[in-house]
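A.B. asks: Attaching a single structure in structure tokens format; questions to follow.
2 protein chains.
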Amino acid sequence: RLQCGVIGLGRFGTAVATTLLNLGADVIVLDKTEEKAENFRTTPAIAIAGDATNELALREAGIPNCDTVIVAIGKDIEASILITALLKEMGIPLIVAKANDELHGRVLAKIGAHKIIFPERDMGIRTAYSLITSNILDVLELSKDLSISEIKTPINIKGKTIKDSKLRERDKVNLLAIKRNGKIIVNPEPEETIQTDDTLIIVGKVGDIQRIQK
Amino acid sequence: RLQCGVIGLGRFGTAVATTLLNLGADVIVLDKTEEKAENFRTTPAIAIAGDATNELALREAGIPNCDTVIVAIGKDIEASILITALLKEMGIPLIVAKANDELHGRVLAKIGAHKIIFPERDMGIRTAYSLITSNILDVLELSKDLSISEIKTPINIKGKTIKDSKLRERDKVNLLAIKRNGKIIVNPEPEETIQTDDTLIIVGKVGDIQRIQK
Ligand SMILES: Nc1ncnc2c1ncn2[C@@H]1O[C@H](COP(=O)(O)OP(=O)(O)OP(=O)(O)O)[C@@H](O)[C@H]1O
Ligand SMILES: Nc1ncnc2c1ncn2[C@@H]1O[C@H](COP(=O)(O)OP(=O)(O)OP(=O)(O)O)[C@@H](O)[C@H]1O
Chain B
5 RLQCGVIGLG RFGTAVATTL LNLGADVIVL DKTEEKAENF RTTPAIAIAG DATNELALRE
65 AGIPNCDTVI VAIGKDIEAS ILITALLKEM GIPLIVAKAN DELHGRVLAK IGAHKIIFPE
125 RDMGIRTAYS LITSNILDVL ELSKDLSISE IKTPINIKGK TIKDSKLRER DKVNLLAIKR
185 NGKIIVNPEP EETIQTDDTL IIVGKVGDIQ RIQK
Chain X
5 RLQCGVIGLG RFGTAVATTL LNLGADVIVL DKTEEKAENF RTTPAIAIAG DATNELALRE
65 AGIPNCDTVI VAIGKDIEAS ILITALLKEM GIPLIVAKAN DELHGRVLAK IGAHKIIFPE
125 RDMGIRTAYS LITSNILDVL ELSKDLSISE IKTPINIKGK TIKDSKLRER DKVNLLAIKR
185 NGKIIVNPEP EETIQTDDTL IIVGKVGDIQ RIQK
């Protein structure tokens, strides 16, 4: 089970924590405002009131044991930066931080956040896409069966062309794209050779994808 | 071409407008702050400085001709509500409004917004999903190009097998699934015949999908 910490219970932090709980993760929430922590006391989360810029408060809340910590503080840029630096020092494996703007995001990345979220900008981009093309999630939700996954290349198809790999005929999955050296080849040609370090982005029924991953 | 209006050039509004321009829409941006409008004067957008709570300003900006208007004002809740009401009166076919919180969202929906966006909450939910599962959207975001769409069957391929339709070779799109009589056939066989009333769920680059839809 994933052990997650969420620091800051604004709209973003609250949504992260609530969704993580719904998805079965173990969650610690930490906020300096007592009422915000109190809102989580009826949930399975461990809810602590405390100032996360204080290393002792982080330790007492159990944050050092987390696999992932989300720093969900936007307005107090200084606090978000200090907290991120403390988490980096603690060796948290995955630090996700919400940024107020591009500059804030660059600073957070420099001092150790592994992943930066820009909620307003990213939802703006997605909103525009959904107005122009129908949103993938809507379409995929029509078919609860359908799943997309990124997998390492199975040993038995390394070096084969896509055609010869028989991903479609034998494994019943559709190869959407190949990720190679950080670039994505969308709808690759049947003659394309699958290389050892490629990762494959495939679509199919949940069961078929899981079978390949074994 | 889609005619869009974006009112309010905060982080969300700016991202919506910029992305819509990149996707080929005609965009009008309206903001009461001159510098914000000025930022868009080097783009193909029509950029107007003006107060959107003033119906005359909306008309002079060309807003009544828009298919879709996005109200991207968060902090000034009263302004966002008044503007939404004006747009409703103008008969704008699709009004998308950003809400500051659930109550604000309910009011916007009541007075005429067709779609409400909660950027912080929605990105919080998505962030949580991406931490737990290899989320489709992460995968798709790796390829900003990649888009999925549900389209009516183009006339020239009705009655053909998928193989003969050449969707992949000629149109560069990948047929993920066929929707027929409300059921979804995932990864259909190459010999499957495409029927007149089928809708096709296709994946490809945004530009290739748009070309097919013409
Ligand atoms: N040093 C701190 N330690 C712990 N919690 C803090 C600290 N500083 C701020 N917070 C908490 O973080 C939460 C979110 O902060 P803030 O409102 O600044 O972020 P926001 O980015 O506006 O939130 P939203 O996600 O709603 O956009 C608040 O509940 C606040 O109490
Ligand atoms: N009545 C109005 N008419 C036109 N523009 C307006 C009006 N009121 C506010 N704006 C503009 O809307 C923009 C965004 O407003 P605001 O900062 O309140 O939203 P926000 O929700 O904080 O933005 P973000 O998308 O960054 O979260 C500002 O640039 C502001 O000038």
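Sequence order for the protein chains is B and X.
For my numbering, add 4 to where a residue sits in the first sequence, where the first one is 1.
For my numbering, add 4 to where a residue sits in the second sequence, where the first one is 1.
Cβ coordinates follow ideal geometry from the N, Cα and C atoms, glycine included.
This one's a predicted model, so the numbers in the text were calculated from it and none came from an experiment.
Whole angstroms are fine: how far does the CA of GLY109/X sit from the CA of LYS2/B?
C.D. replies: Past the edges of chain B, shown from 5 to 218, lies residue 2/B, and the structure says nothing about it.
A.B. asks: Tell me which residues pass a beta-carbon proximity test against ligand 2: closer than 5 angstroms to any heavy atom, given in chain order.
C.D. replies: In chain order, the hits are GLU124/B, GLY12/X, LEU13/X, GLY14/X, ARG15/X, PHE16/X, ASP35/X, LYS36/X, THR37/X, LYS40/X, ASP55/X, ALA56/X, THR57/X, ILE77/X, GLY78/X, LYS79/X, ASP80/X and ALA83/X.
A.B. asks: Assuming LEU34/X is part of the beta strand (DSSP E), what are its boundary residues?
C.D. replies: The sequence position of residue 34/X within the second sequence is 30, counting from 1. Looking at the DSSP string, the run of the beta strand (DSSP E) that includes LEU34/X is 30–35.
A.B. asks: Indicate, with yes or no, if ligand 1 has a heavy atom lying under 8 angstroms from the CB of ILE129/X.
C.D. replies: Locating residue 129/X in the second sequence gives position 125, counting from the first residue. Not under cutoff, so the answer is no.
A.B. asks: Interface residues of chain X around ILE121/B at Cβ under 7 angstroms?
C.D. replies: Taking the first sequence and counting its residues from 1, one reaches residue 121/B at position 117. Chain X residues near ILE121/B: MET127 and THR131.
A.B. asks: Considering only heavy atoms of ligand 1, does any lie closer than 8 angstroms to the CB of LYS102/B?
C.D. replies: Within the first sequence, the letter at position 98 stands for residue 102/B. Checking the Cβ of LYS102/B against ligand 1 gives yes.
A.B. asks: Closest Cβ-Cβ distance between THR18/B and chain X: below 9 angstroms?
C.D. replies: Looking up residue 18/B in the first sequence gives position 14. Yes, contact with chain X.
A.B. asks: Please classify ASP126/B as buried or exposed, where buried requires at least 16 other C-beta atoms within 10 Å of its C-beta.
C.D. replies: Locating residue 126/B in the first sequence gives position 122, counting from the first residue. Its Cβ being crowded by 16 or more others within 10 Å, ASP126/B is buried.
A.B. asks: Three-state secondary structure (DSSP) at ASN178/B?
C.D. replies: The count along the first sequence starts at 1 and reaches residue 178/B at position 174. Looking at ASN178/B - three-state DSSP - the assignment turns out to be strand.
A.B. asks: Among ASP35/B, ILE206/B, PHE44/B and LYS92/B, which residue has its Cα nearest to the Cα of ALA76/B?
C.D. replies: For the purposes of this step, residue 76/B is identified with residue 72 of the first sequence, where counting begins at 1. ALA76/B has its Cα closest to that of ASP35/B, out of ASP35/B, ILE206/B, PHE44/B and LYS92/B.
A.B. asks: Anyone know if the C-beta pair for ASP30/X and ARG63/X falls short of 9 angstroms?
C.D. replies: If you number the second sequence from 1, residue 30/X lands on position 26. If you number the second sequence from 1, residue 63/X lands on position 59. Result no, Cβ atoms of ASP30/X and ARG63/X do not sit closer than 9 angstroms.
A.B. asks: What does DSSP give as the partner residue(s) for GLU42/X in the beta ladder?
C.D. replies: Along the second sequence, read from residue 1 onward, the residue named residue 42/X stands at position 38. In the DSSP output, where bridge partners are listed per residue, GLU42/X has none listed.
A.B. asks: Taking only three categories from DSSP, how would you classify ARG184/B?
C.D. replies: Here residue 184/B corresponds to residue number 180 of the first sequence, with the count starting at 1. Three-state result, ARG184/B: strand.
A.B. asks: Strictly under 9 angstroms for the Cβ-Cβ distance: is THR47/X near chain B by that measure?
C.D. replies: In the second sequence, counting from the first residue as 1, residue 47/X sits at position 43. No, THR47/X lies away from the interface with chain B (no Cβ there is under 9 angstroms from its Cβ).
A.B. asks: Cβ atoms of SER169/X and VAL221/X: under 9 angstroms apart, would you say?
C.D. replies: What is shown of chain X runs 5 to 218, which leaves residue 221/X out entirely.
A.B. asks: Considering ILE121/X, what are the terminal residues of the beta strand (DSSP E) in which it resides?
C.D. replies: For the purposes of this step, residue 121/X is taken as residue 117 along the second sequence, with counting starting at 1. Segment 119–121, the beta strand (DSSP E) holding ILE121/X.
A.B. asks: Span of the alpha helix (DSSP H) holding LYS167/X?
C.D. replies: For the purposes of this step, residue 167/X is taken as the residue at position 163 of the second sequence. 166–169 is the extent of the alpha helix (DSSP H) around LYS167/X.
A.B. asks: Could you list the residues in the segment 201–213 of chain X with a C-beta less than 7 angstroms from some C-beta on chain B, going in chain order?
C.D. replies: The residues in question are ILE205, VAL207, GLY208, LYS209, VAL210 and ILE213.
A.B. asks: Measure from the C-beta of SER151/X to each C-beta in chain B and report whether the shortest distance is under 9 angstroms.
C.D. replies: Taking the first residue of the second sequence as 1, we reach residue 151/X at position 147. SER151/X counts as touching chain B.
A.B. asks: State yes or no: is the beta carbon of VAL190/B nearer than 9 angstroms to at least one beta carbon in chain X?
C.D. replies: If you number the first sequence from 1, residue 190/B lands on position 186. With 9 angstroms as the cut-off, VAL190/B counts as an interface residue toward chain X.
A.B. asks: Under 9 angstroms between the Cβ atoms of SER84/X and LEU60/X?
C.D. replies: Within the second sequence, the letter at position 80 stands for residue 84/X. Within the second sequence, the letter at position 56 stands for residue 60/X. Not closer than 9 angstroms, so no.
A.B. asks: Can you tell me whether ILE159/B is buried or exposed? The criterion is at least 16 other CB atoms within 10 Å of its CB, across all chains shown.
C.D. replies: One-based indexing of the first sequence puts residue 159/B at position 155. By the 10 Å Cβ count, ILE159/B comes out exposed.
A.B. asks: Measure the beta-carbon distance from THR200/B to LYS164/B and round it to whole angstroms, keeping in mind my assumption that it falls under 8 angstroms.
C.D. replies: Mapped onto the first sequence, residue 200/B falls at position 196. Mapped onto the first sequence, residue 164/B falls at position 160. Not a contact, Cβ separation roughly 11 angstroms.
A.B. asks: So who's on the other strand from SER134/B, going by DSSP bridges?
C.D. replies: Along the first sequence, one-based indexing puts residue 134/B at 130. Beta-bridge pairing links SER134/B to no other residue.
A.B. asks: By the 10 Å Cβ neighbour count, where 16 or more other Cβ atoms means buried, how is ARG45/B classified, buried or exposed?
C.D. replies: Indexing the first sequence from 1 puts residue 45/B at position 41. ARG45/B should be labelled exposed.
A.B. asks: Any C-beta of chain X sitting closer than 9 angstroms to the C-beta of ARG215/B?
C.D. replies: Taking the first sequence and counting its residues from 1, the one referred to as residue 215/B is at position 211. So, not an interface residue.
A.B. asks: Please list the terminal residues of the continuous alpha helix (DSSP H) segment that includes ILE213/X.
C.D. replies: Position 209 of the second sequence, counted from the first residue, corresponds to residue 213/X. Run containing ILE213/X: 210–217, per the alpha helix (DSSP H) assignment.
A.B. asks: Report the neighbours of ALA29/B on chain X: residues whose CB is nearer than 7 angstroms to its CB, in chain order.
C.D. replies: Working through the first sequence from its first residue, we reach residue 29/B at position 25. Chain X residues near ALA29/B: ILE136.
A.B. asks: Rounded to whole angstroms, what is the Cα-Cα separation between ILE11/X and ALA117/X?
C.D. replies: Residue 11/X sits at position 7 when you count from the first residue of the second sequence. Residue 117/X sits at position 113 when you count from the first residue of the second sequence. Each residue's Cα considered, the two are about 14 angstroms apart.
A.B. asks: Excluding the 5 residues flanking LEU180/X on each side, which residues of the same chain have their C-beta closer than 8 angstroms to its C-beta?
C.D. replies: As a working note, residue 180/X is residue 176 in the second sequence. Answer for LEU180/X: ILE152, VAL190, ASN191, ILE205, ILE206 and VAL207, listed in chain order.
A.B. asks: Beta carbon of ALA41/X, beta carbon of ALA53/X: below 9 angstroms?
C.D. replies: Start at 1 with the first residue of the second sequence, and residue 41/X comes out as number 37. Start at 1 with the first residue of the second sequence, and residue 53/X comes out as number 49. Cβ atoms of ALA41/X and ALA53/X: closer than 9 angstroms.
A.B. asks: Would LEU91/X and VAL73/X qualify as a contact pair, given that the criterion is a beta-carbon distance under 9 angstroms?
C.D. replies: Residue 91/X sits at position 87 when you count from the first residue of the second sequence. Residue 73/X sits at position 69 when you count from the first residue of the second sequence. Closer than 9 angstroms, so yes.
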